[in-house]
């Protein structure tokens, strides 16, 4: 305790020097915390988006990810029939994504089969599955589409597969009624999205009558909660079964999809790793240099303490305590700085035009802050060891002699 | 039965390596210091006074001869054993005080007792009483930079006595002080010896040396 | 120009040009036959003759792209996909003297359900992601400079603390404040520039490593990291500036200590 008090007072004695040391340490701790957030932020975002959809297995054209290309699964009924025979499968949702035109405004249209979907959240009106008039084709749209089309709940729209002026070679248009406004987790910024029943979208694209972009599969949960995701083993087994039966398809369990998505942002993960290492190195170097010079400055004091009978371990602890005090101060400021810096850096990166709305690179979280503080603390303590050992091994007679001279 | 001597040095020598050369700091020095005795080591700079104090204080070990401190062979002790001996049985007073600047006078005196694991209540009482004894009862909360040279040395003496040692080693304790302040410090050291402490003091001041029961004149070789 | 490269498309139907990496992955050479069908399609594949291979120029926008490209005639692709008379985009080469901006405006006023862009706008849009990443790097660089400056300040103040006695003696001996200032600031600037020199050397090594790693990782010839003369000049410029600031601060701190205090205690 006394050594800690000595360390604290020694650090506070040199206020200007300490201010700069703590500032450098705070930035290093903040950067480390942010880089930990960066590497987990993307994972958390993917996890959140994938979990919010509520389906564990995704079946796509081989080698593609959902909506990554225009490729489609041509005879999707065969896939759903195969899945219906699997006792582990609770329900299946087929989705077709394509560009349609409402007047001259292109919109991204999704056709979704099934009533029990969780691709989006209805924020106004009702979902397409709850429209009471069977002869009307219902449609829900996101706010971007509503704003671009000047449409609201209850309005009627005319949709075509080809822009006005082009020859209607494939299909006539469809008259749809807006039943609701929705929020979709994976919309791109500014993207105008509408969702309709799958067969309505397929009717507009007659070249691919039974085509879907991907198939979502919900498995029976292992536990009592029907909404809980199924075990990863079941997910992988179902995915493997689909790939075995349909070589032209890729099926992803949640974990393999996460890996595939993360690979696309590998740069940021590696950047985070490199910068984390540099931050730790700065912490290490800073503590090592500061303490080494500090020990040199206080050699006489240390030699006197040793001559008074202070054990080597006590001297070592005194130096390590100084590192702990500096780090504690740096970590306290670094934690706050890291928290706010994460928001700032996230703001920079999320301005990227190709990112879905709601995508986050940095998600401020106490866990990453605590982890950064602990890792920096460990680096600081390790960095203090060499100066501490040097201090404990100070040549008492020679130092006392030199100090007097 | 006569009391066992505190220090028994038999033809001790100490060589240092300085660069490529060997420097002989002390050669064939013999001395016995009895319990309660005040021995002054006198001589010019470089004659080996400080080296001898380091050897007697178990800070260093002789390269030749035999040295027994408190009945134990100094050369046979480990670093830890010598540290423990210094902590509990030997008090040091330095020319340059070596007070920790970030601690108050009270905390400086308390420090060796913390290392010796003296219970808090006891060390508080002891530190206060020691500071009062050296005439600094009113300065216990002052930091070293708020004290005069004489007060700093008094604090250092109180600190040297913290763990109730049997032997006090003083290396030029008045070297940084003016004559009047120096005299008061020497009087304090003499008072401690009269209270039963053994004192070995190095000085180049003949007046200071006269305070000892014995003054040993050393010369450069 | 929308594309920075041109490729001679197969003149005859039933022939394709493969991206070189695809050709090497499939061990195909000109003259070989390759069967192609649409992804996710379980209909029979169509056989094509490999007319040649093509190495696309490195494209930063496509580094995370794992797909490979096959070039074929538009009618072949239409037959293969079952989608006729549909294209993703038109690329227009204007007649000499035609104004690109007014053409773009005129096309967009037609409200045909498509949008026309000037080539420079397309280039700007496709590089937006890299502008964002560049801004992110700048923010990190700023923090690194802040941390480095604080680090330097702490070390120089420590050194000044150590040197204060000898500097105090210099003052008593009559050395002017200016001379001491120049000495401390000079040493700090030298220290900062030494750090910059080591940093630049490290950057050169790391840059090579980064390029080697990412070129292999993304299977591309792109240059990911380049240490340019501008970077080197910036490193030394910042080091000099930081050295001057920190040195001045340290000297001011040193001069605050009284000469008597310096000598006396």
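Protein chains in written order, with my numbering: chain A, 5 to 409; chain B, 30 to 250; chain C, 54 to 318. Ideal placement from N, C-alpha and C gives every residue a C-beta, glycine not left out.
Give me the Cα-Cα distance between residue i and residue j, rounded to the nearest whole angstrom.
i, j, result
"residue 188 (chain B)", "residue 156 (chain B)", "8 angstroms"
"residue 285 (chain A)", "residue 187 (chain C)", "24 angstroms"
"residue 132 (chain A)", "residue 159 (chain A)", "14 angstroms"
"residue 291 (chain C)", "residue 196 (chain C)", "13 angstroms"
"residue 49 (chain A)", "residue 364 (chain A)", "6 angstroms"
"residue 156 (chain A)", "residue 368 (chain A)", "36 angstroms"
"residue 197 (chain A)", "residue 191 (chain C)", "34 angstroms"
"residue 44 (chain A)", "residue 372 (chain A)", "9 angstroms"
"residue 237 (chain C)", "residue 231 (chain B)", "40 angstroms"
"residue 141 (chain B)", "residue 332 (chain A)", "27 angstroms"
"residue 345 (chain A)", "residue 189 (chain C)", "12 angstroms"
"residue 97 (chain B)", "residue 33 (chain A)", "53 angstroms"
"residue 238 (chain B)", "residue 205 (chain B)", "16 angstroms"
"residue 48 (chain B)", "residue 399 (chain A)", "15 angstroms"
"residue 172 (chain A)", "residue 139 (chain C)", "Unreliable positioning characterises residue 172 (chain A) in this predicted model, as indicated by a pLDDT of 48, which lies under 50. The coordinate reading is nonetheless provided below. Approximately 12 angstroms, taken between the alpha carbons."
"residue 86 (chain A)", "residue 92 (chain A)", "12 angstroms"
"residue 375 (chain A)", "residue 51 (chain A)", "21 angstroms"
Can you list, in chain order, the residues of its chain whose CB lies under 7 angstroms from that of residue i, leaving out five sequence neighbours each side?
i, result
"residue 98 (chain A)", "80, 84, 117, 202, 216 and 219"
"residue 194 (chain A)", "148"
"residue 250 (chain C)", "none"
"residue 234 (chain B)", "203"
"residue 94 (chain A)", "222, 223 and 224"
"residue 3 (chain A)", "For chain A, the structure presents residues 5 to 409; residue 3 (chain A) sits outside this window and is missing."
"residue 20 (chain A)", "none"
"residue 46 (chain B)", "none"
Residues of chain A with CB under 9 angstroms from residue i, in chain order?
i, result
"residue 181 (chain C)", "355, 356, 357 and 358"
"residue 79 (chain B)", "401, 404, 405 and 408"
"residue 120 (chain C)", "67, 68, 72 and 73"
"residue 188 (chain C)", "352, 353 and 355"
What residues of chain A sit near residue i, judged by a beta carbon separation below 8 angstroms?
i, result
"residue 14 (chain C)", "No information on residue 14 (chain C) is available, as it lies outside the stretch 54 to 318 that chain C covers here."
"residue 108 (chain B)", "316"
"residue 112 (chain B)", "310, 313, 314, 315 and 316"
"residue 99 (chain B)", "Correct list: empty, because the minimum Cβ distance to chain A is about 13 angstroms."
"residue 121 (chain B)", "308, 311 and 312"
So which residues on chain B does residue i lean against when the C-beta distance must stay under 8 angstroms?
i, result
"residue 400 (chain A)", "83, 88 and 89"
"residue 304 (chain A)", "125 and 127"
Tell me which same chain residues have a C-beta within less than 8 angstroms of the C-beta of residue i, skipping the five on either side of it?
i, result
"residue 252 (chain B)", "Lying outside 30 to 250, the shown extent of chain B, residue 252 (chain B) is not represented and no answer is given."
"residue 292 (chain A)", "387, 388, 390 and 391"
"residue 277 (chain A)", "39 and 43"
"residue 236 (chain A)", "257, 258 and 259"
"residue 152 (chain A)", "109, 111 and 196"
"residue 98 (chain C)", "88, 89 and 90"
"residue 34 (chain C)", "There is no way to answer for residue 34 (chain C), as the model of chain C reaches only from 54 to 318."
Near residue i, what residues of its chain come up, given a Cβ to Cβ distance below 6 angstroms and the 5 sequence neighbours on each side ignored?
i, result
"residue 301 (chain A)", "none"
"residue 103 (chain B)", "87, 90 and 96"
"residue 395 (chain A)", "299, 306, 319 and 323"
"residue 424 (chain A)", "In the structure as shown, chain A begins at 5 and stops at 409. Residue 424 (chain A) is therefore absent and cannot be evaluated."
"residue 115 (chain B)", "87"
Report the neighbours of residue i on chain A: residues whose CB is nearer than 7 angstroms to its CB, in chain order.
i, result
"residue 131 (chain B)", "10, 13, 14 and 17"
"residue 206 (chain C)", "24"
Check the Cβ of residue i against every Cβ in chain C and list those closer than 8 angstroms, keeping chain order.
i, result
"residue 298 (chain A)", "211"
Could you list which residues in chain F have their beta carbon closer than 9 angstroms to that of residue i, in chain order?
i, result
"residue 116 (chain B)", "The chain inventory of the structure shown lacks chain F, comprising the protein chains A, B and C."
Residue i versus chain B: which residues are under 7 angstroms apart at the beta carbon?
i, result
"residue 470 (chain A)", "In this structure chain A extends from 5 to 409, so residue 470 (chain A) is not present and cannot be described."
Does the distance between the C-beta of residue i and the nearest non-hydrogen atom of the ligand FAD fall short of 7 angstroms?
i, result
"residue 169 (chain C)", "Ligands are entirely absent from the displayed structure, and the ligand FAD is therefore not among its contents."
Checklist entry - What residue ranges within the stretch 113–152 of chain C form continuous alpha helix (DSSP H) runs of no fewer than 4 residues, ordered along the chain? => result You should have 127–134.
Checklist entry - Closer than 9 angstroms, Cβ to any Cβ of chain A: which residues of the stretch 273–284 of chain C, in chain order? => result Listed in sequence order: 277.
Checklist entry - In the stretch 140–155 of chain B, which residues sit with their C-beta less than 7 angstroms from some C-beta in chain A, listed in chain order? => result Within the stretch 140–155 of chain B, the residues whose Cβ lies closer than 7 angstroms to some Cβ of chain A are 140, 141, 143 and 144, listed in chain order.
Checklist entry - For the stretch 23–38 of chain A, which residues have a CB atom closer than 7 angstroms to at least one CB atom of chain C, in sequence order? => result When C-beta distances to chain C are compared with 7 angstroms, the residues of the stretch 23–38 of chain A below that value are 24, 25, 27, 28, 31, 32 and 35, in chain order.
Next on the checklist: At a CB distance below 9 angstroms, what residues from the stretch 222–240 of chain C approach chain A? Give them in sequence order.
Outcome noted: Interface annotation for the stretch 222–240 of chain C against chain A: empty, criterion Cβ-Cβ distance under 9 angstroms.
Next on the checklist: Quick check for students: name the residue ranges of the beta strand (DSSP E) that lie wholly in the stretch 233–303 of chain A, counting only runs of 3 or more.
Outcome noted: Runs of the beta strand (DSSP E) inside the stretch 233–303 of chain A: 253–256.
Next on the checklist: At 4 residues or longer, what runs of the alpha helix (DSSP H) sit wholly inside the stretch 49–126 of chain A?
Outcome noted: List check, alpha helix (DSSP H) in window: 80–88.
Checklist entry - Going along the chain, which residues of the stretch 53–71 of chain B sit with their C-beta nearer than 7 angstroms to a C-beta in chain A? => result The residues in question: there are none.
Checklist entry - Listed from N- to C-terminal order along the chain, which residues in the stretch 382–395 of chain A have their beta-carbon within a distance smaller than 8 angstroms of any beta-carbon of chain C? => result Residues of the stretch 382–395 of chain A whose Cβ lies closer than 8 angstroms to any Cβ of chain C: none.
Next on the checklist: Restricting to runs no shorter than 4 residues, where is the alpha helix (DSSP H) found entirely within the stretch 48–105 of chain B?
Outcome noted: Within the stretch 48–105 of chain B, the complete alpha helix (DSSP H) segments at least 4 residues long are 78–85, listed from N- to C-terminus.
Item to check | Contacting positions in the stretch 44–69 of chain A - beta carbon closer than 7 angstroms to chain B | outcome: Taking 7 angstroms as the cut-off between beta carbons, none of the residues of the stretch 44–69 of chain A comes near chain B.
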